Amino acid sequence: MEVLDIARWQFGIITVYHFLFVPLTIGLTAVIAGLETAWLRTGNQDYLRLTKFFAKLFLINFAIGVVTGIVQEFQFGMNWSDYSRFVGDVFGAPLAIEGLLAFFLESTFLGLWIFGWDKLPRGLHAACMWLVHLGTLASSWFILAANSWMQHPVGHRFNPESGRAELTDFWAVMFNKVQVVTFPHVIFAAYMTAGTFLLGVSAYLYMKRTHADDRPMYHRAIRIGAVITLLAGIGVAVTGDLQGKVMTEVQPMKMAAAEGLYETSEGCAPFSVLTIGTPDGQHEKFALTVPCLLSFLGTGSFDGTVEGINPLREQYVEEYGQDPTSTTWTESGDYTPVIPVTYWSFRFMMGLGMFAAAGAALILWLTRGGRTPGVRWLGVLGLSLPIATTLASSWGWIFTEMGRQPWVVFGLMTTESAVSPGVSVFEAATSLVVLTSLYAVLAVVEVKLLVTYVNKGAAPFVEPPDVGVGGADEDQPLTFAY
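According to our numbering, the sequence shown holds residues 779 to 1260 in order.
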C-alpha cells in the first residue's frame, strides 16, 4: 500500500467520523432555540424541560465534534501538504473568517447561554442560542464555500511561478453556483437529522415505564420532531434536485458515474433504483429502472441528454492530456470515479432520506389527535429514523467527494499530486492507526455519555430566575445550569 492510499483512507475515516456530529450540532441549536422560545411565548413548563434536556445532549455532541474537527485540519499539513500549498491563497480568506468570526460567535454566545440562566433576561438568554445557531450557519457557509471551490473552481488564477492558485474574486468564491445550492441542501439535512434525533429520543423515553408520568411531554416532542423532519425532508428534496442539475453542468462525469451510464443517452435516460452487474459496473445483468428520471434529475427535462462515462473520459483525455493507459490516478487508470461507490452512495443517500421523511409522515399520522402509536411502530421508527438521516448525510458526503475523483480540485489538481511528498509509508500508517484508535475511544465515550443522559430523561421543572432588563446582581456568581 502506498502513501496515497493510506492518506486517502485516513482522510475518509476522519472526515466521515467528524461529519457524524456536524449536522446534529447545526440542527440541535435551532431545535433548542425554538423550544426555549416556545417556553417564553406559552409558559408551558414542558418546553423548558425539553430545552435543558436536549441541551445536555447537544453539549456532549458539540464537544466531541470540536475535538474531531481540530484533527481534521491537522491532516492538511500532515498528509496533504502539496494540496495545502496549492489552495492556501484561495482557502485562507473563507477559513480564516470561519474561525475568527463564525466559530467565535458560536462559542461566545454558547458560553453566555450556558452560564447566563440567572444573569440574563429571559428573552436575551434565548437570543443567545439563536445567535449560536446563526454562528453554525455562518461556519457552514464558509466551509462549504471552500469545498464548493474544489468542485467548481472559480474566482482565481493559476500562478505558474509559484505553482499556486491565487484568489482574484472573493465574492465569486463565496457565491459559487455550486455553493448556492449545496448550502441549503446541507442545512436542510441538518434540520432533518435534528428532527429525527428529537423524535427518536422522545419516542424511546415515551416507551420507558420509568418515565410514564412524562408521556404527554414526550408525545408532544415526538410530533415536533416529526414535523421538523418532514418539512426539512421536503427542503432536502427540492435543493437536492437543484444541486443535481448544477452538478450535471459542472461535473457531468459525477452524474454519469452516479448511474453507471457508460454511453451518452440522447434523451429519456432511465434511473435505476437497483442494478445487479459486474463489480466495475460496466455490464448490467438486472436493473429496476424508472424511465426518463435520470434525464430529469440531470437536466430538468425528461428528454434531456445525459453524457456517458466513455465519451466524457475521452473528452478529459483530450483536454487534460491524461494517458488512458496510465494507472497512477485511479483504480481504472483514467478519469472515471470508482463506479460502485458513486452508484450506491448516491442511492443510499436518497433512499435513506426518503425513508426518514416517510417515517416522519407516518408518525404524524399515528399520533394525530392525541393518539398513541403501538410500541412496535414507535420503537422501530424512533430508533431507525435518526440512524437513517445520519447515514444519509454521510453517504451524501462520500458521493460528493468520491464522485469528484481523480481530482482533489476539479480540473486543476489530482488527488495523487496533492499528497505530501516527504511522508513515508510508516509515518502515514502510524498516524492512520493512532487517529483511528483515538476516534474509536471517542466514539465509546460519546455513546456512553449520550446513553447515560438519555436514560435519565428530562429533569423536573425548576423555573430559572426572572432577571430584569437591568440584569442580575453584579455580586451574584455565574451558575452552570447543568
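Where a beta carbon is used, it is the ideal one built from N, C-alpha and C, also for glycine. Bear in mind the structure is a predicted one, so any value in this text is a computation, not a measurement.
Less than 8 Å between CB atoms is the rule here; does Y1121 satisfy it with respect to chain C?
The question asks about chain C, but that chain is absent: this structure has only one protein chain.
Cβ-based burial, V1229 [other Cβ within 10 Å; buried from 16]:
V1229 should be labelled exposed.
I need the straight-line Cα distance from G901 to V1232, nearest angstrom please.
Each residue's CA atom was taken as its position, placing G901 and V1232 some 27 Å apart.
Using only CA atoms, which one of A1166, L1220 and V1240 lies nearest to G973?
Cα-wise, what sits closest to G973 is A1166.
CB of P1184 within 8 Å of CB of A967, strictly
Taking 8 Å as the cut-off, the beta carbon of P1184 is found no closer than this to the beta carbon of A967.
For W787, does the three-state DSSP call read helix, strand or coil?
DSSP places W787 in helix when its eight states are reduced to three.
Residues near P1164 by beta carbon distance below 7 Å, same chain, minus five either side:
Cβ neighbours of P1164 beyond the five flanking positions: T974, F975 and G978.
Kindly list the residues whose CB is nearer than 6 Å to the CB of G1011, restricted to its own chain and excluding five residues on each side of it in sequence; keep chain order.
The answer, listed in chain order, is M970 and A1135.
If you compare alpha carbons, which of N839, P1238, G866 and M1033 is closest to F1124?
Comparing C-alpha distances from F1124 to each of N839, P1238, G866 and M1033 shows the shortest one belongs to M1033.
For A943, list the residues DSSP reports as bridge partners.
A943 pairs with F936.
Report the CB separation of R942 from G866 in whole angstroms; it is logged as a contact under 8 Å.
In this structure R942 is in contact with G866, their Cβ atoms being roughly 7 Å apart against a cut-off of 8 Å.
Alpha carbon to alpha carbon, what distance is there between L1159 and D783?
Rounded to the nearest angstrom, the gap between the Cα atoms of D783 and L1159 is 38 Å.
With a Cβ-Cβ cutoff of 8 Å, do M1025 and T1120 count as a contact?
No, the pair does not count as a contact, with Cβ atoms beyond the cut-off.
Are the region 779 to 798 and the region 1193 to 1208 touching, with three or more C-beta to C-beta distances below 8 Å?
Contact check between the region 779 to 798 and the region 1193 to 1208: three or more CB pairs, one atom from each, fall below 8 Å, which counts as touching.
Using the Cβ count rule (16 or more neighbours within 10 Å means buried), how would you classify T820?
When all chains shown are included, T820 counts as exposed.
Meets three-Cβ-pair contact criterion under 8 Å: the region 878 to 887 and the region 906 to 913:
Using a Cβ-Cβ distance cut-off of 8 Å, the region 878 to 887 and the region 906 to 913 are in contact, since at least three pairs of beta carbons, one from each stretch, lie closer than that value.
Measuring straight from C-alpha to C-alpha, what distance separates M742 and V964?
Any question about residue 742 goes unanswered here, given that the chain covers just 779 to 1260.
Here's the rule: buried if 16 or more other CB atoms are within 10 angstroms of the residue's CB, otherwise exposed. What is I848?
Exposed is the call here.
So the beta strand (DSSP E) W1185 belongs to, where does it begin and stop?
DSSP places W1185 in the uninterrupted beta strand (DSSP E) bounded by W1185 to V1187.
Smallest Cα separation from L1066: which of S1050, L813, S1079 and A923?
The shortest Cα separation from L1066 among S1050, L813, S1079 and A923 belongs to S1050.
Which same chain residues end up closer than 7 Å to E876 when comparing Cβ atoms and leaving out the 5 residues on each side of it in sequence?
Sequence-distant partners of E876 (beyond 5 residues in either direction) whose C-beta falls short of 7 Å from its own C-beta, in its chain, are S917, F920 and I921.
T1150 classed as buried or exposed, judged by whether at least 16 other C-beta atoms fall within 10 angstroms
It counts as exposed.
In this structure, how does DSSP classify T1150 when only helix, strand and coil are distinguished?
Note: T1150 maps to coil in three-state DSSP.
Range of the contiguous alpha helix (DSSP H) that encloses L1039
Segment: none, L1039 is in no alpha helix (DSSP H) and carries neither H nor E.
So, at 7 Å on beta carbons, what are the nonlocal neighbours of V1197 in its own chain, with the 5 sequence-adjacent residues on each side left out?
Within the same chain, and ignoring the five residues on either side of V1197 in sequence, the residues whose Cβ sits closer than 7 Å to its Cβ are V781, L782, A785, N857, W858 and D860.
Does the separation of the CB atoms of A1236 and D992 fall below 8 Å?
Yes, the pair counts as a contact, with Cβ atoms nearer than the cut-off.
Are the CB atoms of L806 and W817 within a distance shorter than 8 Å?
Contact annotation: W817 and L806 have beta-carbon atoms that are not nearer than 8 Å.
Have a look at T1108 and Y996 and give me their C-alpha separation to the nearest angstrom.
Because T1108 sits at a pLDDT of 44, beneath the cut-off of 50, its placement in the model cannot be relied upon, and the following sentence gives the value as read from the coordinates. Answer to the nearest angstrom: the Cα atoms are 50 Å apart.
Contacts around Y795, its chain only, beta-carbon distance under 7 Å, and the 5 residues preceding and following it disregarded
In the same chain as Y795, and ignoring 5 residues on each side of it, the C-beta atoms closer than 7 Å to its own belong to T846 and Y1217, in chain order.
So the candidates are T1214, V1245 and F1239; which of them puts its Cα closest to the Cα of W787?
Nearest C-alpha to W787 among T1214, V1245 and F1239: T1214.
Integer-rounded CB distance, given that P1048 should sit under 8 Å from V1016:
Contact flag wrong, Cβ pair sits at about 23 Å.
Is V1051 helix, strand or coil by DSSP?
Three-state result, V1051: strand.
Cβ pair A904, E1027 closer than 8 Å:
Not a contact, by the Cβ cut-off of 8 Å.
Find the nearest neighbour of G790 within the set M952, T1193 and F882, judged by alpha-carbon distance.
It is T1193 whose Cα lies nearest to the Cα of G790.
Just to check my reading of the structure: L1156 and L1130 have Cβ atoms closer than 8 Å, yes? What is that Cβ distance to the nearest angstrom?
Incorrect: roughly 20 Å between the Cβ atoms, too far for contact.
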